[in-house]
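K.L.:
Chains as they are written, first to last, in numbering that gives the first Met the number 0: chain Y, 0 to 719; chain U, 0 to 336; chain H, 0 to 337. Glycine is no exception: its CB is placed at the ideal position from the N, C-alpha and C atoms. Sharing a structure with you now.
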Amino acid sequence: MQALQGRIGLFWSGLLMAAVLALPWYKGGATLASALSEGVAGRVWLLPLVGAALALALLSVATRDWRVHPAGAALVGAGLGWLLLQGFGIGLRGPVLPGLGLLFPTAQSGQPGFGWGAWVAGIALIGALAEVLAARGFCRGERFAAFSIIGIVAALSLFVFFPILKLMSAAFVGPDGTLALAPFLNRITASDLWSVGCLTGAGRCGVVINSLVLGILSAALATALGLALALLVARTDFRMKRLLRAISILPIITPPFVVGVAIIVLFGRTGIVTVEVAEWFGIRPTRWIYGLPGILLAQVLAFAPVTFLVLLSALEAINPTLEEASTTLGAKPVTTFRTVTWPLLRPALAAAFLLAFIESLADFGNPIVLGGSYDVLSTKIFFAVVGAQYDLGQAATLSVLLLTLTVAAFWVQTRWLGRASYVTVTGKSDAGLVAPVPPLIKWAAVAAVVPFVVFTVGIYAIVLIGGFVKDIGRMEMAPTFGHLWTAFSFEINANGLQLFGSAWNSMITTLWVSALSAPLTMAVGILTAWLIARQDFTGKRAFEFGTLLSFAIPGTVVGVSYIAAFNVPPIDITGTMAILVICFVFRNLPVGMRAGIAALAQIDRSMEEASQTMGAGGGRVLRDVVLPLIRPAIFTALVYSFVTAMTAVSAVIFLVSARHNMATAYIMGRVENGEYALAIAYSTVLMLVMVACVAAMNWAVGKRRLGRRTGVTGTAQPAE
Amino acid sequence: MTQTAIEFRSVVKRYGDATAVAGIDLAIGKGELVTFLGPSGCGKTTSLRLIAGLELPTEGQVFIAGRDVSRDPASARNVGMVFQSYALFPHISVLENVAYGPVIRGTPKAEAQARAREILEQVGLAGLESRLPAELSGGQQQRVAVARAIVQQPDVILFDEPLSNVDAKLRRKVREEIRSLQRRFGLTAVYVTHDQEEALAVSDRIVVMDKGRIAQVGTPTDLYEHPANPFIADFIGDANLIRGTVAQGRFTAPGMALPVSGPDGPATLSIRPERITLTPGGPDRVVSATYLGSRMEYTVAAQVGEMLVSRPIFEPRLKAGQDVSLHITDTDVSRVA
Amino acid sequence: MTHRLALLGATALSLLPFGAFAQPKELVLYCSVNEEWCRAQSEAFMRETGINVLMTRKSSGETYAQIKAEEGQPRGDVWWGGTGDPHLQAAQEDLTEAYESPVLAELQPWARAQAETSGFKTVGVYAGALGFGYNSTMVTENPPACWADLLDERYADDIQVANPNSSGTAYTMLATMVQLMGEDEAFAYLAKLHANINQYTKSGSAPIRAAATGESAIGIVFMHDAVAETVSGAPIVTVAPCEGTGYEVGSMSLIKGGPNPEAAKIWYDWALSPAAQEIGATAKSYQVPSNSSAATPPEAPKLADIKLIDYDFAKYGSSETRAALLARWDAEIGALPK
């Protein structure tokens, strides 16, 4: 055993040696431009790292166990510290920290971002750090767990917290590039944020007010509609559960913008419905849909399924005997509903409302299509970055505001759910009669649900037809595959297969990014779930909060923060496919994590301990025992992250490049330009691809599912 | 004592502010079956997990087979463990469950399975190798768990409340099986239970724990007949505790005087209920008489207080309200304080 | 165990920058004409040279912002098309590379002037005049013929124009009005016009598309964009305003420090050739090409027939003027209540 552990120590120091001696240290560097040769050639600040690597290698050969040797810990800590200090301290155009400039005069010429060598060195040092800590009893000495925790914490710090911190600091940078409080105060108190002119009738409202008005209205309406749907399904003979559940899945696989486009086609100035109505009543068609009404309509349609699911599970969890008791005590149905059902539902209503509120604040796709001149925070952030007036400070300030709002709502929601969950399912038989809702409420619910179903069907009819007729916007209904061909034309000629269709580039990138990010997201998410559910370590609560935080950050904010953090060395990855993959992995991580935690809660922990006592290390335990038992959670995480990677827009819109464009960004461009048919055709293709991929995943992951274990996998979506 | 298999040296385990194990020194001999006994929260399960490596000590050292394993994770120790819930892997067969350990530790699969078959046969499960655990009865599952724990010839086998999921009727049989397997294979075993009868029945030695410390270590007879303190006396079996004073080798309490050893001063004696004899007529009175099938149990109001008395069923029965005399001799008592 | 950790390391490695290795035979094109033309042009280039074109279409203002944001690490090679002002601004800020193409001599004087103004950091590829188009099914009587007609309250909430912050077209309109009327009068005009504007779009050509589908009645755009809608069957009538109007010199620049400089020059020379310049017409883009030997499409609005102002590209393309005008627009027009 001792000998074996010594060898594993050698692995990390060997990797570190390879990183500093054999790999190109800088991004885009030549193969031989390792830390050593760069250091000798003048970038002397790299030499301490080379020295540390050599010393660690010597130590691991010379001592019995370097991991418990005090020098080992010191070398690893100093190495990691110096790696970061020099990376962040010396930028592309010279030292950021003046002290480093004095210490190393050659630093004036700056250094490029981290390349293979630096990344591998970082990983090796983190691995070595995990060894050092595990040898001192961290994670009960489990090296795999220690490595996972330290690795995930490092990754979270780098890809969630660092960008947010960088973003916050960007909010304090003035036009002259210096850090100060005044620019932030100026921006945050600007009247175009807080003006309430529209309410008093004296001008426009600020974006913050706009966002809040939209969020509250949208959440209230979506919750009301969700409640109507849930009451109909759970408490009446109006049995359309399957249909309603199917409809509730649609928004998840619908690419953004397409619903907005369909709404324009139906209700725009020349929309099918608008024109008909205008003719009947002889009124002039207007552009009423652009602005608050349009966004509201699209958001309610999109969020009602979410609130429906939350409220349905709450309704189903109410023990019917409580309502029965009320009835046997002589209460009328209305009284029972008012005094028993409604109070029991209240926490779920609040949760649904907050969920929809967060989603509405974070929504980007609908406001950009339907907003007209109704600005909200997410679109304002977008224009601050991609508009001609590139102003990261402004974008950062707005992002900080948006983040504050969503995190506050998220916090309230977590608190609310944590405190007042009236779970009345006890596991005992509760075969009471379900109390029917009072007729008045039933008919109100029907009145709300019927238009919803009609709308949804109408919108998806437009989506289905729109891509395959000449111009749905102008009601030219001649069938054609022309739009599809524009997007996906190809030719096999002298140059081999040439893809001419303008959508190929984005489609291929999207598939790559989704295919790479889905398994990674699942792996990191499930691993995180396992660490949280099964490992005890210092800082676990902070760790848990950190992973959940990445859930509450709106996509637009993530996008801006990535630009702020990763456009410059040392972590210079904008414009690459890696940044897209990383973005998705850390945004969707909480979904896999929650599914994993829920599944793990049902699995006896002693099975893993049994595996450990029989000699299995953490990785082996995970593979042999945990993973086979939580297959459904794995599937959920996989599908969810895949689908999100294909349909998310708010974060990626900032991160796409000409080289790596994404489908949703491409569709947005088409919508902007009024090429609705092309946008719809592409969206249809995207949805078909998604359905096909999910089916394939189901086949691959689910074929050996254990019949008697059905995983409970509660999922929610991160704020888009 | 024979060779030491396990040794605790000043072991402390803390979780944040809470102390689960507050300093234990203990040596367990090779081939011995030692039981950790105590009320819930006394630290017995934590001590077991410290041996397994599922917890690492905050202070002190744990030695297994003479090697300091205080910083070794569970996977690096050679222990077998039988869990309360058995913890059989539900997704693989009985054979694969038992062969799992050897395969993990690098034994070729065929050899590991041959060994697993052999052990399964020895625990009487031949023919059930290809079943899934869910297809076995509770008792069979337990034997699989034991087989899985001993297949690797561990330095020690650990039992964590192994009978708590077994029907009350079957418990005696299963614990005898465990005991005989342990003897047959010459295994060092550590057993955790909160049931004192089970502990008395199965152990070579018992370690009684209280609030993270060892209260007493001894053979079942030692513990029952010579409890070191009132806690042990009360925890193992039933005991009447009598407070009085010792002066010049004589213990006195109201209506009672017995010769005892030990220093002068206030003292507490423990008297087992079955060691008290009753004769009709006298200063004391039967408060209640309970028929328990195998014996009679009386509560008697005596001058020293209420005393619990247990008498064989064949003796003449006494009734509640009857006047009686209590008889206690000095060989029936032990001084516990 | 060891190999599993190694595997984990390898997985982590797979997260590393994929784009770190520049591939040959590739060109990253930032395209600022309309999508269809961008596609046709890229496709023709791919066919001719076998060089794979990675194209993004963004409006010229956005592209300028992107190139500026990427200044440290340019990702694009060529910026082709879009109004000349942001190209000039980029040249002024040293974001683009000076290059004198051998084809330069074949170009129209206005295209060469663009190159000379910028120290050969940009060059004209086409020209087009500003105007507007109206939907003839919606505006049936007394159609507008002048800028002043657009203030008519008949058109309340019926006119669309892009936001000058993001669109070169809209900036050209802003600069045209300032040159035509004087700055204060121009802003007074725009403030009045604001009452009729239903939306300031991001893309310069979106307003005419909205007029074509009837979402709006009038779109202020370059005339060739309006003509394109008419050609594809929309009831759009193109108007050259009677007071006179400005024009754009659609330009092209090489991005400084781009990843594929050779491919970029191949594109640059090719894009100025007559054959390449005639592709626009096949993609419903009826601008006037800058190469004298390239045929002007018959549908293209004839510059000679339009009353063109003497547009001062040097002044209105400069950063200072541009920033000042946009700031004033934001304060006086963008902030007006809707």
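With 7 Å as the threshold, decide whether the Cβ of ALA699 (chain Y) is near any Cβ in chain U.
P.N.:
So no, ALA699 (chain Y) is outside the interface.
K.L.:
What residues from chain Y crowd round LEU55 (chain U), counting only those whose CB sits closer than 8 Å?
P.N.:
By Cβ distance, chain Y contributes GLY136, ARG139 and GLY140.
K.L.:
Against chain H, with Cβ distances strictly below 7 Å, would PHE585 (chain Y) count as a contact?
P.N.:
Not an interface residue.
K.L.:
Please state whether DSSP places TYR125 (chain H) in a helix, a strand or coil.
P.N.:
Strand.
K.L.:
Label CYS241 (chain H) either buried or exposed according to how many other C-beta atoms from any shown protein chain fall within 10 Å of its C-beta, with 16 as the threshold for buried.
P.N.:
The residue is exposed, with fewer than 16 neighbouring Cβ atoms inside 10 Å.
K.L.:
What would DSSP say about GLU184 (chain H), mapped onto helix, strand or coil?
P.N.:
Helix, per DSSP.
K.L.:
Is any beta-carbon of chain U found at less than 7 Å from that of LEU9 (chain Y)?
P.N.:
Not one chain U Cβ lies under 7 Å of LEU9 (chain Y).
K.L.:
Please list the partners that ALA51 (chain U) has in chain Y, where partner means a Cβ-to-Cβ separation under 7 Å.
P.N.:
Residues of chain Y passing the Cβ test: THR612.
K.L.:
In angstroms with no decimal places, state the Cα-to-Cα distance between LEU35 (chain Y) and ALA117 (chain Y).
P.N.:
Straight-line Cα distance between these residues: approximately 12 Å.
K.L.:
Since GLY112 (chain Y) and LYS26 (chain Y) are thought to touch, with beta carbons under 8 Å apart, how far apart are those beta carbons, to the nearest angstrom?
P.N.:
4 Å between Cβ atoms; contact.
K.L.:
Return the chain-ordered list of same chain residues with a C-beta closer than 7 Å to the C-beta of GLU61 (chain H), the five sequence neighbours on each side being excluded.
P.N.:
Answer for GLU61 (chain H): SER165, listed in chain order.
K.L.:
Let me make sure I understand the geometry here. Which of Y:THR405, Y:GLU322, Y:PRO631 and Y:GLY293 has the alpha-carbon closest to that of PRO366 (chain Y)?
P.N.:
Considering only alpha carbons, the answer is Y:GLY293.
K.L.:
Am I right that VAL323 (chain U) and VAL299 (chain U) are in contact with their C-beta atoms under 8 Å? What's the rounded C-beta distance?
P.N.:
The Cβ separation is near 6 Å, so the contact holds.
K.L.:
Let me make sure I understand the geometry here. Which of H:SER135, H:ALA110 and H:TYR133 has the alpha-carbon closest to that of TYR125 (chain H)?
P.N.:
The option with the nearest alpha carbon to TYR125 (chain H) is H:ALA110.
K.L.:
Can you confirm whether the region 266-286 of chain H touches the region 195-213 of chain H when touching is taken to mean that 3 or more C-beta pairs between the two stretches lie within less than 8 Å?
P.N.:
Counting Cβ pairs under 8 Å, fewer than three are found: no touch.
K.L.:
Consider the Cβ of ARG208 (chain H): report whether some Cβ of chain Y lies at a distance smaller than 7 Å.
P.N.:
It does: the Cβ of ARG208 (chain H) has a partner Cβ on chain Y nearer than 7 Å.
K.L.:
Taking Cβ to Cβ, would you say GLY243 (chain U) is nearer than 7 Å to ALA266 (chain U)?
P.N.:
Taking 7 Å as the Cβ cut-off, GLY243 (chain U) and ALA266 (chain U) qualify as a contacting pair.
K.L.:
Can you give the Cα-Cα distance for PRO282 (chain U) and VAL303 (chain U), rounded to whole angstroms?
P.N.:
Going from the Cα of PRO282 (chain U) to the Cα of VAL303 (chain U) covers about 12 Å.
K.L.:
Quick check on DSSP: helix, strand or coil for PRO761 (chain Y)?
P.N.:
There is no way to answer for residue 761 (chain Y), as the model of chain Y reaches only from 0 to 719.
K.L.:
Measure from the C-beta of HIS193 (chain U) to each C-beta in chain Y and report whether the shortest distance is under 7 Å.
P.N.:
Answer no: the Cβ-Cβ gap between HIS193 (chain U) and chain Y never drops below 7 Å.
K.L.:
Can you name the residues of chain Y whose CB is closer than 7 Å to the CB of MET222 (chain H)?
P.N.:
Those within 7 Å of MET222 (chain H) in chain Y number zero; the least Cβ separation is about 18 Å.
K.L.:
Could you give the DSSP three-state label for PHE536 (chain Y): helix, strand or coil?
P.N.:
Three-state DSSP puts PHE536 (chain Y) in coil, outside helix and strand.
K.L.:
So, under 8 Å CB-CB, GLU58 (chain U) and THR45 (chain U) are touching, yes? Tell me the CB distance rounded to an integer number of Å.
P.N.:
The pair is not a contact, with the Cβ atoms about 14 Å apart (cut-off 8 Å).
K.L.:
Tell me the DSSP secondary structure of THR177 (chain Y) in three-state form.
P.N.:
Coil at THR177 (chain Y), not helix or strand.
K.L.:
For LEU628 (chain Y), collect the residues of the same chain with a Cβ closer than 6 Å to its Cβ; drop the 5 residues on either side in sequence, then sort them by chain order.
P.N.:
Cβ within range, chain order: ILE602.
K.L.:
For ILE217 (chain H), which option in H:ARG321, H:GLY130, H:THR244 and H:GLY249 has the closest C-alpha, if you only look at C-alpha atoms?
P.N.:
Checking every option, the nearest Cα to that of ILE217 (chain H) belongs to H:GLY130.
K.L.:
Quick one: which chain Y residues come within Cβ less than 9 Å of GLU214 (chain H)?
P.N.:
The answer, in chain order, is ILE263, GLY267, ARG268, THR269, GLY270, ARG286, TYR289, GLY472 and GLY673.
K.L.:
With a floor of 4 residues, list each alpha helix (DSSP H) that falls wholly inside the region 179-235 of chain H, ordered by position along the chain.
P.N.:
Taking only runs of at least 4 residues, the alpha helix (DSSP H) segments lying wholly in the region 179-235 of chain H are 182-193, 205-212 and 222-230.
K.L.:
Under a CB-based cut-off of 7 Å, is PRO38 (chain U) close to chain Y?
P.N.:
So, not an interface residue.
K.L.:
Can you name the start and end residues of the alpha helix (DSSP H) that HIS482 (chain Y) belongs to?
P.N.:
It spans 481-487 - the alpha helix (DSSP H) in which HIS482 (chain Y) sits, taken as one unbroken run.
K.L.:
Just the C-alpha distance for MET180 (chain H) and ALA691 (chain Y), rounded to the nearest angstrom, thanks.
P.N.:
Using only the alpha carbons, I get a separation of about 60 Å.
K.L.:
Nearest to ALA18 (chain Y) by CA position, among Y:ALA227, Y:LEU82, Y:GLY76 and Y:ILE262, is which residue?
P.N.:
With distances taken between Cα atoms, ALA18 (chain Y) lies closest to Y:LEU82.
K.L.:
What does the alpha-carbon distance come out to for the pair GLU247 (chain H) and GLU182 (chain H)?
P.N.:
Computed Cα separation, rounded: 19 Å.
K.L.:
Compare the beta carbon distance of THR546 (chain Y) and THR520 (chain Y) with 7 Å and say whether it is the shorter of the two.
P.N.:
Going by C-beta atoms, THR546 (chain Y) is not nearer than 7 Å to THR520 (chain Y).
K.L.:
What does ASP64 (chain Y) touch in chain U if you count any residue whose Cβ is under 7 Å from its own?
P.N.:
What ASP64 (chain Y) touches in chain U: nothing, since even the nearest Cβ is about 10 Å away.
K.L.:
Identify which residue in H:PRO108, H:LYS24 and H:TYR285 has its Cα closest to the Cα of THR48 (chain H).
P.N.:
Of the candidates H:PRO108, H:LYS24 and H:TYR285, the one whose C-alpha sits nearest the C-alpha of THR48 (chain H) is H:LYS24.
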